[in-house]
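First up is the structure itself, then whatever we jot down about it.
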Amino acid sequence: MFVYILKRVALMIPTLFGIMLITFAVTQFVPGGPVEKLVAEIEGHGLAGAESSSDSSSYRGDMGLDEQRLDELKQLYGFDQPPVQRFFAMMGRYLRFDFGTSYYYQQDVSALVISRLPVSMSLGLWTFLIVYGVCIPLGIAKAVRDGSSFDILSSTVILIGYAIPGFVLGITLIVLFGGGSFLSIFPLRGLVSDNWSELSLISKILDYLWHMALPIFSSAVGSLAVMTMLTKNSFLEEINKHYVLTARAKGLDERSVLFKHVFRNAIIPIITGFPGYFIGAFFTGSLLIETIFSLEGMGLLAYQSVLNRDYPVVLGTLYFFSIIGLVGRLLSDLSYVAVDPRISFSRVDN
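Going by this note's numbering, the letters in the sequence shown line up with residues 218 to 567, in that order.
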């Protein structure tokens, strides 16, 4: 297994390099880069100033920037160097996890990401816990009671929830419980209240949960159906196999058959996605959910960075999250061995 891990880690290097190379190349051909955007803003201000002083005899708003000033702006953003040189210089900094300074926010990219992580971690981690905590027991119960009224009714409810987009559900909850047209129970902005630092420990926890209740519910509902049906189908497939009939014929009670024999085999396709989903829950963000509930998380940061051509944020976060994704995939593969001793990487190693 050790050789297999080394091979996978070695494969991550060209994969990561390819991801960054393609993304960097795309950014070179996207119109409206940071220099062009800043030039447009400067010329726009100049035009506005010229219009406000139209009685002056010298109109200079339409003259634009001279070549010297334009070269200074390119040098400021590093665009005075050839693309190949800029790419390898960027990768050299990224190897030290130095992601530079944001063009738009004028902050260190690492500090900017860290400031946005609490929102994304709150949404992702709570959604993860709710999905796995609800779907696995519910899926097992549905498999055991396959075809019953409970199975049909629960399938109907979760499929309706799956059919409703998260942002539509979020807007509906705001209208119903967030001071829209009906009740005003939950707040609509921020992760905590303004006086959070003055609250006691219990009050801080309750205040945090009070703010996150609607966003977490909106984010989790859409994921319940997929995991629940995956769990149900996986258990149904195992329940109908011959070894289960043999265990029952030996006189084992249904609980022992389910949890000592069926559970270990049926949980494999579910638990193997656990590491990647768990790691991703800390760093992924939902643009629409964060926008609706006025939460400044990673989803909103990524969207604004693309719009503002904030390349240090776009490329820096892509580099970091690509590493997280590749490590998550490796852990998912290794989890097969942890849950099923029949699987071995010895053939792969050889």
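Backbone N, C-alpha and C fix where the C-beta goes; we use that ideal spot for every residue, glycine too.
Owing to the predicted nature of the structure, the values given are computational and were not obtained by experimental measurement.
TODO: Throw me the rounded Cβ distance for the Ser339 and Leu408 pair, which I believe falls under 8 Å.
DONE: 7 Å
TODO: Flag this pair as touching only if the segment 428 to 446 and the segment 400 to 414 have three or more C-beta atom pairs under 8 Å; answer yes or no.
DONE: yes
TODO: Locate the alpha helix (DSSP H) running through Arg526, then write down its first and last residues.
DONE: Segment: none, Arg526 is in no alpha helix (DSSP H) and carries neither H nor E.
Open item on the list: So if DSSP puts Thr318 in a beta bridge, which residue, or which two residues, is it bridged to?
Closed with: Under DSSP, Thr318 takes part in a beta bridge, and its partners are Asp325.
- [ ] Could you please give the first and the last residue of the uninterrupted alpha helix (DSSP H) stretch that includes Arg303?
- [x] Pro300 to Leu312
- [ ] Please list, in chain order, all residues of the same chain as Tyr536 whose beta carbon is under 7 Å from its beta carbon, the five residues on each side excluded.
- [x] Met237 and Tyr311
Task: Proximal residues to Phe234 (C-beta, below 7 Å), its chain only, five neighbours per side dropped - done: Around Phe234, the same chain offers no residue with a beta carbon nearer than 7 Å, after the five sequence neighbours per side are excluded.
Task: Lys224 to Gln302 span [Cα, whole Å] - done: In a straight line, the C-alpha of Lys224 is about 29 Å away from that of Gln302.
- [ ] Going by DSSP, name the residue or residues bridged to Gly395.
- [x] Ser401
Open item on the list: On a Cα-Cα basis, can you pick out the residue from Ala242, Met308, Phe510 and Val531 that is closest to Ser435?
Closed with: When only C-alpha atoms are compared, the closest one is Phe510.
Task: At least three beta-carbon pairs within less than 8 Å, the segment 370 to 383 to the segment 456 to 466 - done: no
Task: Simplified DSSP state of Ile381, which is helix, strand or coil - done: coil
Task: Segment contact flag, the segment 378 to 393 with the segment 469 to 479, C-beta cutoff 8 Å, min 3 pairs - done: no
TODO: Determine the DSSP secondary structure at Asn457, reduced to helix, strand or coil.
DONE: Coil at Asn457, not helix or strand.
Open item on the list: Quick check on Asn482: does DSSP put it in helix, strand or coil?
Closed with: helix
Open item on the list: So, at 7 Å on beta carbons, what are the nonlocal neighbours of Val351 in its own chain, with the 5 sequence-adjacent residues on each side left out?
Closed with: Leu441
Task: Status (buried if at least 16 other CB within 10 Å, exposed otherwise) for Ala328 - done: exposed
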